[in-house]
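There are 4 protein chains.
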Amino acid sequence: MAPVGSKRGVLERLNAGEVVIGDGGFVFALEKRGYVKAGPWTPEAAAEHPEAVRQLHREFLRAGSNVMQTFTFYASDDKLENRGNKLSFTGQQINEAACDLAREVANEGDALVAGGVSQTPSYLSCKSEEEVKKTFKKQLDVFIKKNVDLLIAEYFEHVEEAEWAVQVLKATGKPVAATLCIGPDGDMHGVTPGECAVRLVKAGADIVGVNCHFDPLTCVKTVVMMKAAVEKAGLKAHYMTQPLAYHTPDCSCQGFIDLPEFPFALEPRILTRWEMQQYAREAYKAGIRYIGGCCGFEPYHIRAVAEELSAERGFLPEASQKHGLWGSGLEMHTKPWVRARARRDYWEKLKPASGRPLCPSMSTPDGWGVTRGHAALMQQKEATTAEQLRPLFQQADAKH
Amino acid sequence: MAPVGSKRGVLERLNAGEVVIGDGGFVFALEKRGYVKAGPWTPEAAAEHPEAVRQLHREFLRAGSNVMQTFTFYASDDKLENRGNKLSFTGQQINEAACDLAREVANEGDALVAGGVSQTPSYLSCKSEEEVKKTFKKQLDVFIKKNVDLLIAEYFEHVEEAEWAVQVLKATGKPVAATLCIGPDGDMHGVTPGECAVRLVKAGADIVGVNCHFDPLTCVKTVVMMKAAVEKAGLKAHYMTQPLAYHTPDCSCQGFIDLPEFPFALEPRILTRWEMQQYAREAYKAGIRYIGGCCGFEPYHIRAVAEELSAERGFLPEASQKHGLWGSGLEMHTKPWVRARARRDYWEKLKPASGRPLCPSMSTPDGWGVTRGHAALMQQKEATTAEQLRPLFQQADAKH
Amino acid sequence: MAPVGSKRGVLERLNAGEVVIGDGGFVFALEKRGYVKAGPWTPEAAAEHPEAVRQLHREFLRAGSNVMQTFTFYASDDKLENRGNKLSFTGQQINEAACDLAREVANEGDALVAGGVSQTPSYLSCKSEEEVKKTFKKQLDVFIKKNVDLLIAEYFEHVEEAEWAVQVLKATGKPVAATLCIGPDGDMHGVTPGECAVRLVKAGADIVGVNCHFDPLTCVKTVVMMKAAVEKAGLKAHYMTQPLAYHTPDCSCQGFIDLPEFPFALEPRILTRWEMQQYAREAYKAGIRYIGGCCGFEPYHIRAVAEELSAERGFLPEASQKHGLWGSGLEMHTKPWVRARARRDYWEKLKPASGRPLCPSMSTPDGWGVTRGHAALMQQKEATTAEQLRPLFQQADAKH
Amino acid sequence: MAPVGSKRGVLERLNAGEVVIGDGGFVFALEKRGYVKAGPWTPEAAAEHPEAVRQLHREFLRAGSNVMQTFTFYASDDKLENRGNKLSFTGQQINEAACDLAREVANEGDALVAGGVSQTPSYLSCKSEEEVKKTFKKQLDVFIKKNVDLLIAEYFEHVEEAEWAVQVLKATGKPVAATLCIGPDGDMHGVTPGECAVRLVKAGADIVGVNCHFDPLTCVKTVVMMKAAVEKAGLKAHYMTQPLAYHTPDCSCQGFIDLPEFPFALEPRILTRWEMQQYAREAYKAGIRYIGGCCGFEPYHIRAVAEELSAERGFLPEASQKHGLWGSGLEMHTKPWVRARARRDYWEKLKPASGRPLCPSMSTPDGWGVTRGHAALMQQKEATTAEQLRPLFQQADAKH
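Protein chains in written order, with our numbering: chain U, 1 to 400; chain V, 401 to 800; chain L, 801 to 1200; chain W, 1201 to 1600.
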């Protein structure tokens, strides 16, 4: 284990051609464990239930993650107070607690701490550039105070807001990564992935890519488009993907948010560990070196990434002590026909059944064709009322 | 929270008509978190990584579990040493550590501690009744020393071995629950669920039922058969289910072990929280009052059981502070078409897509038609050799 | 081609161990061609559009059929006039025309003519044995006048009515075949397939089996149960299957009638020619020697049966001049990757995709649990009124 | 019925804004009936089995077709003799017989006769423009002699060859329709649908569109692209679709040929009549007025088109005498729960199950990325040899 303090920074590693493995999404993982509420998706657990957050950090570290992202997703004040969300902790308390937890666990291994900011309700509600940037700066103060190792602007649907975030982050002098939650069709205003990437690099991002909203192979495809455009523009950058652990062949431009199954019936779409190994391989072959995950990733998914790239990295993660490569642990199974599955060939070829013969294999996404600036997207501090819900229910029923 | 020591026992609760909520399966949950090795499936994590086991106990407690099962599955000495499994802890150390962890967390809430024993390689390899019983007694010594609140004989494929276990457990004077891992077709020797249940009750079980191997509704169906037979025989018992969190419409008598997807590609079969609420309701309607889970259950699945039965129990679990009933947390979502999903009607009707159009919806189970006593099922301490694997691979390939 | 008059009878052939290949269902095939109305399903086309019926006979003959069934399904007077069905021809005219067409085409090859009777609305409406038998006798008069070669009582849901039919047919001295439209669960009153078969043999049937309502392999399984019971009873008979050309894994006791897709959305369930070859093989292996088809069968399905059994029969059907065995005709395809499919191995292993990712793979059958004698099944001459339909629509909507 | 001779031509009808309904594909329909051999797909049945071809013409006429296409698909001499195909009739005999049959049936109703030419092995094997045009002219001589009402150049994968065909056909002075078998990705050389359409109109086509290779809605989408380009170019034309009756969501540019299921396992993809009504509506809404079908269409599919557009056309086809609109014939069904399906609402909402839980819903298309001029596509008169097949089998197996 690397001695604390001796760690090389993220750009040092990427410049040396090393693979940097990210972590998985905390919001979805902790929602299943009982510490995050779906809907607001806010990270108060960092302050409320630090033991749960610390344990998840540890599991990702053990699985091979080189970066501990502070659990500060949606921890901007405007989001913490949106639509009636009531919390016992301030944004500052949550952000600070999250930094401390990430640092504590990062110090237990060879991992860096990344402070993250995400898109804001302020932008969606058409607040000014100044106001939106102020929101980012407030979170940033904590990251600087806690001395994180790098900064990530992630989960942006509009490249314009992401540029603003990058500009704010860049001013700190820390390495900056920027990921949009977009697919091959580009951002919500139709800006192509290539143009998005060029704009982010120009705004100051050292690392660009995508996170969330689409499945791993779609994300790799999108970053390939970004890389081509950045290179064509004569710019330089590193590349990054932190996709969903859900299959999304049926998504339109807004990704899994628009799937009827979001967020409470996505289970049948969860990727297996073998599908994650394929993702890691494809990302690597595409020249992506910062390879992590987002919603739906559990520690074993990150371990699969680390196992697939163990030859390139030169070592296996700690959690592989509890995992036979390509299913070889099954050699110890009591039943001979299960021992017969202890091999790569078997798992690579398997097409896993859904066990749901009454269900379809794809859905028709929702999505009402509105984005920033549309009245339907104005945010509010007050809880949504029954009067506000009724027309939404009717509109939805009329579509199905 | 109930003061320690004042807790009522499991039979006291069941006799009063209360619902007792079990926990989920630790082996699968901890495998995904990186602490259990698939294949041997042994519980050394109780000694090796107590913080991970403690955290999982806490999540289930928070989700509504009334019983903390000691993480001692397959912790019999013959199993710990089977087929080359190498561990740094003795069976006794593991069993004791597991008891301490369960008790520590149980004391944080209104939960009981249950010590568990499971089927043994000794039985499968045709050891004598005396030898098999000796194996159970060895685990039992720890449970008595640690003063668990009840005992569970679970995961037995042959009713005969389960009877032996019940007899050993019963002698302690503790309440005894017994669950077989069977479906409507009965045990591996073709003994019907009804006859199995009668034999277990006669052997001394206070609570009978099934666990693992089949999906929730199949398990409920099986316990309904058991209950009918026990009542027809003029006997009395309480009933219990701890099913898989995986859909298994395509299973034959040995359940999910025989599915080609076992154990590394079961993801598409994972039940949603809404399907779990349906399970809880059906189990309750069938007269089952000990309602828990097994492999595949995550804390949110147990919370779904507790939420479905909150009217009957009179309270919600702690983790429901982070969960809007029937999706109502989505009222706080930023997108109006997602807020339109904030209602029971929506989630109850949804048929979730697999996102896997290249995959089937059912599989053809393996299973070589052999059981106890067959040469292919003799166990060994030594690791399986390549020479032993080769014919298994060939036999499997010939079938597919 | 065999000279007319020299043909050996059906029992002569079966007693000699030969395979007798039936034809496919005319009602469904002619509905798709525009000559039969779904709902009443009556065979007035025999008189109205003889050229269409003749052509279909010819196609089955060419495909290998040894039996031309007269197109007299549901041609009993009570059925022809049921629920407002208006026809320009009398039952006698239709029955006579159908006999003439079958004979004309049978004489073009080595085929026999079979006169068929089916279940009646009279039975469903609880008319007496005498009345029901009178209905059969009326149809029979035509068959005797036209001197058919054998008689078939087919498509009976209640063994009791089938027994009455067999008794009437047997009195003519002609060979009698009897098939129920049941699956492994038995007839609508729960009489097992085995008991049904024994009763039919005792009533005088020379050949027993099943037709319609279930897919080929389910029908073979049902006839296997029949054969076992007949043999156990020390009786002798020949065996016969004329299944659907639709997959029905999700059917309950009343078969495909209860599937939500019946009768206008069954397309995705149609068997391929390769699945038909598998059916023919399994039927043959089970000792069934009269092998034909029912609803959904097109001429190429019968050809597949004849091709699969060409070694046993010693010849190929005429239509195989236009079919390369096991896809070998593709050797002439212009595209090399299509020529690569010109082999048995390829088609046997292929799992054909549905092309319908938004659809499930199984349905939940309807079926209101009522049968003969229930008020909901009383038949009437008058057209169903809107007042009669409204409660049916409501009842159906409430279920879905 | 319209008196012979008084019929208005196809352009007269289209110019008046009327809907012209095409027929379905003869090759696939007659293959299932036993008269066409899959692989060569040649139309010798017109001479060999005229009664079968005549009957199919009649069924389409009855179903509502306004055009009888001569059954001359692939009846060019180079195709009739390709790869060992042995026929007892000359190309001229076949072409003449096909014209006579089409005319005979067209005269029984309000239908026109269309003579058709299709792509040639000569083009694929890189013969010169002159040679290819000579092939078309030879077929054309018969059409002129038999005085067909219009000419169709259909089933071209390369717009260049289609242009040559149109030029040859146009010289006759007859109305000319031209359809490519392409989808939204354009022709095999990547020419977009829009550019293809413009080139065909410039070459002299009065009607342009697509046929075969893709499902109905994909074809409509492709023709919409064509129409936009033609209008943008300031040209005028009528539009036409004759799609497959198979769902092809998984196709790449060469359409259903590349699906692993082609041509012997396409059954699960067959469209229902209700899906055909949707097709007719979408085509009409898109401004397409010549609406027909290709491979997979049975007469009831054409009837569905005619029924959907009966308000626009002012009448129902003759075959609707045997079809209750939107399932209303089921009002006469004996079972009440089947009568409950006698309504539009029911059939429009139904998502039909495949009945194949072991099969996927989509496939991965083959296709070796080669087209005109590639050695693998050179045609030959001699039968494909086993030596030629072996490498194809190996190449295919390596892919799967």
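Using N, Cα and C, we set each Cβ at its ideal position, and we do this for glycine too. All values reported here derive from a predicted model rather than from experimental measurement.
By alpha-carbon positions, which one of W:Pro1557, W:Asn1282, W:Gly1264 and W:His1249 ends up nearest to Gly1514 (chain W)?
For the purposes of this step, residue 1514 (chain W) is taken as residue 314 along the fourth sequence, with counting starting at 1. Here the closest residue by C-alpha is W:Gly1264.
Could you spell out the range, first to last residue, of the alpha helix (DSSP H) harbouring Asn415 (chain V)?
To locate residue 415 (chain V), count along the second sequence from 1; it is residue 15. Where Asn415 (chain V) is concerned, the enclosing alpha helix (DSSP H) stretches over Val410 to Asn415.
Strictly under 7 Å for the Cβ-Cβ distance: is Ala719 (chain V) near chain U by that measure?
Here residue 719 (chain V) refers to the residue found at position 319 when the second sequence is read from its first residue. Chain U contact via Cβ: present.
Using a 10 Å radius around the Cβ and a threshold of 16 neighbouring Cβ atoms, would you call Gln1269 (chain W) buried or exposed?
Sequence index remark: in the fourth sequence, residue 1269 (chain W) carries index 69 (1-based). Gln1269 (chain W) comes out buried.
From the DSSP output, in three-state form, read off Asn547 (chain V) for me.
Walking along the second sequence from the start, residue 547 (chain V) turns up at place 147. Of the three classes helix, strand and coil, the one that applies to Asn547 (chain V) here is coil, per DSSP.
From the beta carbon of Leu1125 (chain L), is the nearest beta carbon of chain W less than 7 Å away?
The residue given as residue 1125 (chain L) occupies position 325 in the third sequence. So no, Leu1125 (chain L) is outside the interface.
Rounded to whole angstroms, how far is the Cβ of Leu912 (chain L) from the Cβ of Asp949 (chain L), which I believe are closer than 8 Å?
By one-based count along the third sequence, residue 912 (chain L) stands at place 112. By one-based count along the third sequence, residue 949 (chain L) stands at place 149. Leu912 (chain L) to Asp949 (chain L), Cβ: 4 Å. Contact.
Proximity of Ile421 (chain V) and Ala706 (chain V) at Cβ, strictly below 7 Å
Numbered from its first residue, the second sequence carries residue 421 (chain V) at position 21. Numbered from its first residue, the second sequence carries residue 706 (chain V) at position 306. The answer is yes: Cβ separation under 7 Å.
Consult DSSP for Ile982 (chain L) and reduce its assignment to one of helix, strand or coil.
For the purposes of this step, residue 982 (chain L) is taken as residue 182 along the third sequence, with counting starting at 1. Three-state DSSP puts Ile982 (chain L) in coil, outside helix and strand.
Can you give the Cα-Cα distance for Ser525 (chain V) and Pro663 (chain V), rounded to whole angstroms?
The count along the second sequence starts at 1 and reaches residue 525 (chain V) at position 125. The count along the second sequence starts at 1 and reaches residue 663 (chain V) at position 263. If I take the Cα positions, the gap works out to 23 Å.
Going straight from the alpha carbon of Gly1555 (chain W) to that of Ala1045 (chain L), what length do you get?
The residue labelled residue 1555 (chain W) in the question sits at position 355 within the fourth sequence. The residue labelled residue 1045 (chain L) in the question sits at position 245 within the third sequence. Straight-line Cα distance between these residues: approximately 12 Å.
With DSSP as the reference, please indicate the residues paired to Thr972 (chain L) in a beta bridge.
Translated into the one-based positions of the third sequence, residue 972 (chain L) becomes position 172. None; Thr972 (chain L) has no bridge partner.
Using a Cβ-Cβ cutoff of less than 6 Å, which residues in the same chain neighbour Gly1409 (chain W) once the five nearest sequence positions on both sides are dropped?
The residue you call residue 1409 (chain W) lines up with position 209 of the fourth sequence. So the qualifying residues of the chain are Thr1379, Val1423, Tyr1439, Met1440 and Thr1441.
Which same chain residues end up closer than 8 Å to Leu1130 (chain L) when comparing Cβ atoms and leaving out the 5 residues on each side of it in sequence?
Position 330 of the third sequence, counted from the first residue, corresponds to residue 1130 (chain L). Excluding positions up to five away in sequence, the list reads Gly1124, Val1138, Arg1139, Arg1141 and Ala1142.
Answer with yes or no whether the minimum CB distance from Pro1152 (chain L) to chain V is below 7 Å.
In the third sequence, residue 1152 (chain L) corresponds to position 352, counting from 1. Not closer than 7 Å to any Cβ of chain V, the Cβ of Pro1152 (chain L) fails to qualify, so no.
Could you tell me the alpha carbon to alpha carbon distance between Lys627 (chain V) and Cys653 (chain V), rounded to whole angstroms?
In the second sequence, residue 627 (chain V) corresponds to position 227, counting from 1. In the second sequence, residue 653 (chain V) corresponds to position 253, counting from 1. Cα to Cα, Lys627 (chain V) sits roughly 20 Å from Cys653 (chain V).
Spatially closest choice to Thr172 (chain U) from U:Cys196, U:Val198, U:Asp345 and U:Gly204, by CA coordinates:
Counting from one through the first sequence, the residue named residue 172 (chain U) turns up at place 172. Nearest C-alpha to Thr172 (chain U): U:Gly204.
Consider the Cβ of Leu1516 (chain W): report whether some Cβ of chain V lies at a distance smaller than 7 Å.
Residue mapping note: residue 1516 (chain W) aligns to position 316 of the fourth sequence, counting from 1. No, no contact with chain V.
Determine the DSSP secondary structure at Phe1356 (chain W), reduced to helix, strand or coil.
To locate residue 1356 (chain W), count along the fourth sequence from 1; it is residue 156. In this structure, Phe1356 (chain W) counts as strand in the three-state DSSP scheme.
Positions along the segment 327-361 of chain U whose CB lies within less than 7 Å of some CB in chain L:
Pro357, Leu358, Cys359, Pro360 and Ser361
Residue from L:Gly983, L:Gly916 and L:Glu931 with nearest C-alpha to Ile1012 (chain L):
For this step, residue 1012 (chain L) is matched to residue 212 along the third sequence. In the sequence as presented, Ile is not what sits at residue 1012 (chain L); that position holds Cys. Per the Cα distances, L:Gly983.
Classify Asp187 (chain U): buried if its beta carbon has 16 or more other beta carbons within 10 angstroms, exposed otherwise.
Taking the first sequence and counting its residues from 1, one reaches residue 187 (chain U) at position 187. Buried, because 16 or more other Cβ atoms sit within 10 Å of the Cβ of Asp187 (chain U).
Asn882 (chain L) in three-state terms, based on DSSP
What you label residue 882 (chain L) is simply residue 82 of the third sequence in a count that begins at 1. Reduced to three states, the DSSP call for Asn882 (chain L) is helix.
Nearest-angstrom Cβ-Cβ length linking Tyr474 (chain V) and Ser522 (chain V), presumed shorter than 8 Å
As a position in the second sequence, residue 474 (chain V) is number 74, starting the count at 1. As a position in the second sequence, residue 522 (chain V) is number 122, starting the count at 1. Going by Cβ atoms, the distance from Tyr474 (chain V) to Ser522 (chain V) rounds to 12 Å, so no, they are not a contact pair.
In chain order, what residues of the same chain have a beta carbon less than 6 Å from the beta carbon of Glu31 (chain U), not counting five sequence neighbours either side?
The residue labelled residue 31 (chain U) in the question sits at position 31 within the first sequence. Excluding sequence neighbours, Glu31 (chain U) sits near Ala38.
Buried or exposed, going by whether 16 or more other CB atoms sit within 10 Å of the CB of Lys1286 (chain W)?
Residue 1286 (chain W) sits at position 86 when you count from the first residue of the fourth sequence. Lys1286 (chain W) is exposed by the Cβ-count criterion.
Delimiting residues of the beta strand (DSSP E) encompassing Thr1441 (chain W):
Counted from its first residue, the fourth sequence places residue 1441 (chain W) at position 241. Segment His1438 to Gln1442, the beta strand (DSSP E) holding Thr1441 (chain W).
From which residue to which residue does the beta strand (DSSP E) around Leu1604 (chain W) run?
Residue 1604 (chain W) is absent from the structure shown; chain W starts at 1201 and stops at 1600.
Going by CA-CA distance only, name the one from L:Ala914, L:Thr890, L:Gln939 and L:His989 that's closest to Val1170 (chain L).
One-based indexing of the third sequence puts residue 1170 (chain L) at position 370. For Val1170 (chain L), the nearest C-alpha among the options comes from L:His989.
Would you mind sorting Ala153 (chain U) into buried or exposed? The rule is 16 or more other CB atoms within 10 Å of its CB.
The count along the first sequence starts at 1 and reaches residue 153 (chain U) at position 153. Its Cβ being crowded by 16 or more others within 10 Å, Ala153 (chain U) is buried.
Check the Cβ-Cβ distances between Gln455 (chain V) and every residue of chain U, and say whether any is below 7 Å.
Mapped onto the second sequence, residue 455 (chain V) falls at position 55. So, interface residue.
Skipping 5 residues on each side, what residues in its chain have a beta carbon closer than 6 Å to that of Ala629 (chain V)?
Residue 629 (chain V) sits at position 229 when you count from the first residue of the second sequence. These residues qualify, in order along the chain: Gly594, Ala597 and Val598.
Between Arg854 (chain L) and Leu811 (chain L), which are expected to be in contact by the criterion C-beta below 8 Å, what is the C-beta distance as a whole number of angstroms?
Translated into positions along the third sequence, residue 854 (chain L) becomes position 54. Translated into positions along the third sequence, residue 811 (chain L) becomes position 11. Not quite, the Cβ-Cβ distance comes to about 27 Å (not below 8 Å), so this is no contact.
If the criterion is Cβ atoms closer than 7 Å, does the pair Arg1544 (chain W) and Trp1568 (chain W) meet it?
For the purposes of this step, residue 1544 (chain W) is identified with residue 344 of the fourth sequence, where counting begins at 1. For the purposes of this step, residue 1568 (chain W) is identified with residue 368 of the fourth sequence, where counting begins at 1. Not a contact, by the Cβ cut-off of 7 Å.
Tell me the rounded alpha-carbon separation between Gly1315 (chain W) and Met225 (chain U).
Reading the fourth sequence from its first residue, position 115 is the one you call residue 1315 (chain W). Reading the first sequence from its first residue, position 225 is the one you call residue 225 (chain U). Taking the straight line joining both Cα atoms gives about 48 Å.
What residues of chain W sit near Val836 (chain L), judged by a beta carbon separation below 8 Å?
As a first step, residue 836 (chain L) is located in the third sequence; it is residue number 36 there, counting from the start. Within 8 Å Cβ-Cβ: Lys1522.
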